[in-house]
Amino acid sequence: MGSLRVSAERETCVTSSLCVYRLPQVFDQDEEGRVVVLDDRPPDTLRDELRRARRGCPTRSIQVEGLPSEEGDTTP
Amino acid sequence: MSGDRCPVGYPLAWAPAPDIPEGWTTLREQPLLEITLPSGEPALLVTRYKDVRRLFADERLSRNTFGRASRVSASNDLFGDPRIDNDPPRYLTERAVVMRAFSARRIEALRVVVKEIVGQLLDEMAAGPQPVDLMEAFAYPLPILVICHMLGVPPQDRAKFRRLIDGFLSVSRLPEDEVEECRRQYWDYLTELIDAKRERPGDDLISELIEISREDPTKLTDYQLQHWVKTLLIAGYVTTASQLGTGMAVLLHRPEAAAELKADLSLVPSAVEELLRYQIMGTSLGTLRYAVEDIELLDGTTVIPKGSTVLLSQESNMDADEFENPLDLDIRRTENHHLTFGAGIHFCAGAALARMELQEATEGLLCRLPGLRLAVPGEELKRPEGGFLAGYTEIPVSW
């Protein structure tokens with residue numbers, strides 16, 4: 104098991120589906136299309152894709168502990 | 033902003049070929065550009081990727097532009113409607129109702145339908161004469177058929193539907209009274225269509241929305257329902273058609289990139305993404321916002337004054353601070369957080385649908401017509417005069 108911890112904010116999710124397409128083994132959607140985390144402790148091999156998923160989320164609704172934050176990742 | 037600088041006409045000038053004008057990469061030298069909209073009214077264009085990305089998610093830029101922001105064109109407010117609240121919290125309630133139909137699972141269930149439509153259109157194209165206009169033969173029909181299938185528009189209404197939308201979206205091409213007439217007829221047509229669905233519900237999005245609005249009218253009133261259907265039909269059609277056609281023109285203008293893609297179809301998703309970033313069909317007119325407060329940009333000195341009309345630059349997809357070699361079309365690009373679908377709470381509702389259609393269309397064209405090529409030099413492709421989008425009027429192809 105890796106050192107990464109993934110969480111996602113259902114309330115701010117706008118169903119872009121970007122994370123689900125990028126990492127279907129980590130992210131899914133509920134009946135309403137809102138984000139659901141399937142695997143909150145994904146392997147380290149997914150680091151780059153997790154970084155891209157966090158970066159790409161239109162409402163910054165994805166957090167990844169154990170991954171250095173980049174400029175623009177968390178704001179606004 | 034210095035007041036003595038002459039405002040730039042918007043949309044900006046294009047390069048003659050299916051290329052990005054060099055000038056777009058230097059736009060960001062000024063973080064905020066005074067521009068003149070097609071209506072002749074003033075606006076401010078935010079040019080830097082980082083500012084644009086942040087401001088897409090900034091609630092101080094209101095989407096309720098009707099009656100207070102500058103107009104895109106003198107005769108057409110486009111999506112402006114004083115009876116619709118496009119800001120949170122109301123907007124989020126309505127959007128949530130609609131977005132359940134656009135989840136990845138629902139979009140993937142549609143992929144088989146899209147594949148079938150792509151196959152039929154390509155069969156017809158292959159059996160017909162050459163050269164043929166890719167827009168008329170393929171790029172326009174595909175998204176109309178898909179969105180009409182999704183919403184439940186009957187096949188016999190699709191030609192009428194297209195004529196009205198084409199007129200409605202014509203920003204400066206048609207005389208004002210004709211645009212207005214198209215807008216009125218389109219709205220009346222939707223009233224009839226929704227009434228028919230109330231009588232006889234089907235397995236489609238309009239029927240689903242009617243059901244939700246019946247269960248809980250506070251989530252979606254009748255008027256809001258009709259407004260969303262109107263917007264989805266327009267948004268699902270013209271943007272996708274334009275991106276599909278111009279994206280293929282950009283690709284076919286670069287035969288080495290087209291050959292690389294044909295040889296390895298696993299690159300189709302990243303190629304579609306890169307063509308979206310590289311999109312030369314669009315302008316930033318659809319990002320129109322109104323500043324309800326003063327907003328400082330990231331340089332710490334430039335301020336968008338309260339009361340300004342603001343466009344968030346799609347040209348920021350060419351910002352070298354964000355994209356390596358931004359003018360190069362790189363179908364293998366992996367760091368590609370382009371802003372073609374926007375960001376924040378107004379992120380394009382149909383983005384996943386559009387991507388899926390573009391992927392199926394691209395793969396279908398390359399496989400079914402492996403010799404596909406532009407029948408005229410790319411430099412000679414014509415752009416429309418006026419109109420909401422800036423694609424090509426005609427894209428003659430042979431194979």
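Protein chains in written order, with this note's numbering: chain A, 104 to 179; chain B, 33 to 431. Backbone N, C-alpha and C define an ideal beta-carbon position, used for all residues, glycine too.
Practice task
Since I believe LEU77 (chain B) is in contact with ARG343 (chain B) (beta carbons under 8 Å), could you give me their beta-carbon distance rounded to a whole number of angstroms?
Solution key: What sits at residue 343 (chain B) in the sequence shown is Leu, not Arg. 5 Å between Cβ atoms; contact.
Exercise for the section: Kindly say whether ARG80 (chain B), judged by its beta-carbon, lies nearer than 9 Å to any beta-carbon of chain A. Expected result: no
Practice task
Taking a Cβ distance cut-off of 8 Å, strictly less, list which residues of the segment 320-339 of chain B are near chain A, in chain order.
Solution key: Of all residues in the segment 320-339 of chain B, none has a Cβ within less than 8 Å of some Cβ in chain A.
Practice task
Compare the C-alpha of THR93 (chain B) against each of B:ASP351, B:GLU325 and B:PRO428 and name the closest.
Solution key: Per the sequence shown, residue 93 (chain B) should be read as Leu rather than Thr. With distances taken between Cα atoms, LEU93 (chain B) lies closest to B:GLU325.
Problem - Residue closest to ASP274 (chain B), alpha-carbon to alpha-carbon, out of B:ALA101, B:SER102, B:ALA89 and B:LEU166 - result: Looking at the sequence provided, one finds Ser at residue 274 (chain B) rather than Asp. Minimum Cα distance to SER274 (chain B) is reached at B:LEU166.
Exercise for the section: Please confirm if the segment 275-293 of chain B is in contact with the segment 41-58 of chain B, defined as three or more CB-CB distances below 8 Å between the two stretches. Expected result: yes
Handout entry: Exposure label - CYS122 (chain A); buried when at least 16 CB within 10 Å
Key = So CYS122 (chain A) counts as buried.
Problem - Nonlocal neighbours in the same chain, by C-beta distance under 8 Å from GLU243 (chain B), ignoring five residues either side - result: These residues qualify, in order along the chain: PRO233.
Handout entry: Sequence-distant residues of its chain with Cβ nearer than 6 Å to TRP431 (chain B) (five each side left out)
Key = LEU401, GLY403 and LEU404
Problem - Residues that THR118 (chain A) contacts on chain B, provided the C-beta gap is smaller than 7 Å - result: MET131, PHE134 and SER135
Handout entry: Where ARG132 (chain B) falls, given that 16 or more other Cβ within 10 Å makes a residue buried
Key = buried
Problem - Where THR148 (chain A) falls, given that 16 or more other Cβ within 10 Å makes a residue buried - result: exposed
Problem - VAL140 (chain A) - partner residues in DSSP beta bridges - result: A:PHE130
Handout entry: Within chain B, partners of GLY136 (chain A) - CB distance below 7 Å
Key = MET131, ARG132, PHE134 and SER135
Exercise for the section: Please name the residue in A:THR118, A:GLN132, A:ALA156 and A:PRO145 whose C-alpha comes closest to that of LEU124 (chain B). Expected result: The shortest C-alpha separation from LEU124 (chain B) is found at A:THR118.
Exercise for the section: Anything in chain B within Cβ reach of PRO146 (chain A), meaning under 9 Å, just list it in chain order. Expected result: Ordered by position in chain B, no residue passes the 9 Å Cβ test against PRO146 (chain A), which lies about 19 Å from the chain.
Practice task
Select from the segment 153-166 of chain A all residues with a C-beta closer than 8 Å to any C-beta belonging to chain B, and list them in chain order.
Solution key: Only ARG155, ARG158, GLY159, PRO161, THR162 and ARG163 from the segment 153-166 of chain A bring a Cβ to less than 8 Å from some Cβ of chain B.
Exercise for the section: Would you give the residue range spanned by the alpha helix (DSSP H) that GLN217 (chain B) belongs to? Expected result: 208-231
Handout entry: Meets three-Cβ-pair contact criterion under 8 Å: the segment 303-312 of chain B and the segment 58-78 of chain B
Key = no
Exercise for the section: In angstroms with no decimal places, state the Cα-to-Cα distance between LYS82 (chain B) and PRO186 (chain B). Expected result: Each residue's alpha carbon lies about 44 Å from the other.
Problem - ILE165 (chain A) - DSSP class collapsed to helix/strand/coil - result: Strand, per DSSP.
Practice task
Express the C-alpha separation of TYR124 (chain A) and GLU156 (chain B) in angstroms, rounding to a whole number.
Solution key: 32 Å
Practice task
Give a yes or no on whether the minimum CB-CB distance between GLN132 (chain A) and chain B is below 9 Å.
Solution key: yes
Practice task
For LEU126 (chain A), I'd like the list of residues in its chain whose CB is within less than 6 Å of its CB, leaving aside the five on either flank, ordered along the chain.
Solution key: Counting only residues of its own chain and dropping the five nearest sequence neighbours on each side, LEU126 (chain A) has a CB closer than 6 Å to the CB of GLU152 and ALA156.
Problem - Neighbour list for ALA383 (chain B) in chain A, Cβ cutoff strictly below 7 Å - result: Per Cβ cutoff of 7 Å: SER119.
Practice task
Name, please, each residue of chain A whose Cβ falls closer than 9 Å to the Cβ of ALA303 (chain B).
Solution key: Neighbours of ALA303 (chain B) on chain A: none; closest Cβ ~15 Å, over 9 Å.
Problem - Whole runs of the beta strand (DSSP E) within the segment 289-360 of chain B, excluding any shorter than 3 residues - result: Within the segment 289-360 of chain B, the runs of beta strand (DSSP E) at least 3 residues long that lie entirely inside it are, in chain order, 321-323 and 341-344.
Practice task
Establish whether the CB of VAL123 (chain A) and some CB of chain B are separated by less than 9 Å.
Solution key: Interface flag for VAL123 (chain A) against chain B is set, since a Cβ pair is found closer than 9 Å.
Exercise for the section: Less than 8 Å between the CB atoms is what I'm expecting for TYR424 (chain B) and GLY277 (chain B), so what's the real figure, rounded? Expected result: Rounded, the Cβ-Cβ distance is 6 Å, consistent with contact.
Problem - C-alpha distance - GLU134 (chain A) paired with ARG150 (chain A), whole-angstrom precision - result: 28 Å
Practice task
For ALA141 (chain B), write down the residues that DSSP places opposite it in a beta bridge.
Solution key: BP columns for ALA141 (chain B) are empty, so no partner.
Problem - Which of helix, strand or coil DSSP assigns to SER106 (chain A) - result: Coil at SER106 (chain A), not helix or strand.
Practice task
Using a Cβ cut-off of 9 Å (strictly closer), state whether GLU247 (chain B) contacts chain A.
Solution key: no
Handout entry: Element boundaries [beta strand (DSSP E), containing PRO53 (chain B)]
Key = For PRO53 (chain B), no beta strand (DSSP E) encloses it, and the DSSP letter there is neither H nor E.
Exercise for the section: Evaluate GLY105 (chain A) with the Cβ neighbour count: other Cβ atoms within 10 Å of its Cβ, from every protein chain shown; 16 or more gives buried, anything less gives exposed. Expected result: exposed
Exercise for the section: Output the distance between the C-alpha atoms of VAL150 (chain B) and LEU174 (chain B), rounded to the nearest integer angstrom. Expected result: 7 Å
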